[in-house]
Amino acid sequence: MSQTYLQYPEIDPIAISLGPINVYWYGLMYLLGFLFANWMGNRQAAKPGSKWDKEEVGDLLFYGFLGVILGGRIGYVLFYNFGLFLDDPMYLFRITDGGMSFHGGLIGVLLAFAYFGRKTQRSFFVIADFIAPMVPFGLAAGRIGNFINGELWGRVTDVPWAMIFPTGGDLPRHPSQLYQFAMEGVLLLVILQIFARKPRPVGAISGLFLFGYGIFRFVAEYFRQPDSQLGLYFDLISMGQILSTPMIFLGALIMFIAYKKPTLFSAKTDK
20 MSQTYLQYPE IDPIAISLGP INVYWYGLMY LLGFLFANWM GNRQAAKPGS KWDKEEVGDL
80 LFYGFLGVIL GGRIGYVLFY NFGLFLDDPM YLFRITDGGM SFHGGLIGVL LAFAYFGRKT
140 QRSFFVIADF IAPMVPFGLA AGRIGNFING ELWGRVTDVP WAMIFPTGGD LPRHPSQLYQ
200 FAMEGVLLLV ILQIFARKPR PVGAISGLFL FGYGIFRFVA EYFRQPDSQL GLYFDLISMG
260 QILSTPMIFL GALIMFIAYK KPTLFSAKTD K
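When you read off a place in the sequence shown, starting at 1, and then add 19, the result is the number in this note's numbering.
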C-alpha cells in the first residue's frame, strides 16, 4: 500500500492587501521579531541596575535591524549567488527577487554592535550579551515566514510527516523550515533565557548563542535541501554548514575565555 504524505497547505504569502500595496507574511515576521526584541529590551532596561535606558535600546535595535537587512542581503549574494552577482552586479539591489542570509545578517549585526559600542562607550560583548537572548524569537518567526512562502524546504524523505511542497515537485520532503523553527528558534530561545537568568561573565551569553545556533543549524542542514546553484561541497557538506562551523568553535572559545578571563571582554568605559 502506497504511503500518503502531508500536503503543503498553500498559505497565501500576502497577509493583507491595501489597494496596490501588499503586506507579506514574511515581512510581518521580521516586524514581529523586532517588536519582541523591543519589548524584551525595554523590559530588561527597566530592571534595577540594568545600566540601559529605552532610548539606547531603541537606537541599538535600529542599528541592528539595518545590519540584519543589509548584511542579510549582501551575505546572500556573496555566499550563495556570487557568480550571478559577477554577471549582473545590479542583482544585489533587486531585493524583490528574494534572498537573505542569516550568516550575512549576523555579520551586519556584529558591525552594528561595534558602531554602537564605540558611540556609547560600551564593550562589544556587553552589547552582544544584552541582545543575544532576544534573537532566537526573530529566527523562529523568520522560519515560519519561510514555511508560509513554501521555500527552503527539505530533502526528499519517506518519514510519516514528510510534506509535498508545490515548488518542490511531487516528491515528499522534510519540512525543514519547521525543524529550524524548533531548534534555532524555540529550543535556543529557551536555553538562552534559562542561562541568562543568573549573572554570567561578559561574553558567556553571546558565546552560547553562537555555539548553540551553529550546532542547531549544522544539524538542520542535513535535512534541508542544498541550494541548487551550489549543491554539496565534496558531496558532503553544504554552504550553511561551512558558514556555521566557525560559529561553533568561536562560540566555544568565547565561553571558555569568558570564564577563564572574566575581565577580558569588559571595558573600563562600560556604564
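Glycine residues also receive a C-beta, built at the ideal position from the N, C-alpha and C atoms. Being a predicted model, the structure only gives us computed values, none of them experimental.
For phenylalanine 98, the CB contacts under 8 Å within the same chain, skipping 5 residues up- and downstream, are Ser120, His122, Gly123, Met258, Leu262 in chain order. Between the C-alpha atoms of proline 39 and methionine 182 there is a straight-line separation of about 33 Å. Within its own chain, no residue has a Cβ closer than 8 Å to the Cβ of methionine 109 once the five positions on either side in sequence are excluded.
The bridge partners DSSP lists for arginine 243 are Gly173. In this model, leucine 54 and leucine 79 are separated by some 13 Å (Cα to Cα).
If you draw a straight line from the Cα of leucine 25 to the Cα of alanine 160, it comes to about 22 Å. Counting along the chain, isoleucine 276 sits inside the alpha helix (DSSP H) bounded by residues 258-279. Remark: C-beta atoms of glycine 127 and glycine 91 approach each other more closely than 8 Å. 8 Å or more divides the Cβ of isoleucine 276 from the Cβ of glycine 233. Annotation: the continuous beta strand (DSSP E) that includes valine 42 extends over 40-43. Three or more beta-carbon pairs separated by less than 8 Å link the stretch 164-175 to the stretch 227-245, which places the two stretches in contact.
Relative to glutamate 74, the option among Gly60, Gly52, Leu85 whose CA is nearest is Gly60. The three-state reading of DSSP puts isoleucine 213 in helix, counting H, G and I together.
Annotation for proline 28: no residue places its beta carbon closer than 8 Å to its own, counting only its chain and skipping 5 residues before and after. Alanine 34 and leucine 50 have their C-alpha atoms spaced approximately 13 Å apart. By alpha-carbon distance to glycine 52, the top candidate from Asp72, Leu208, Gln22 is Leu208.
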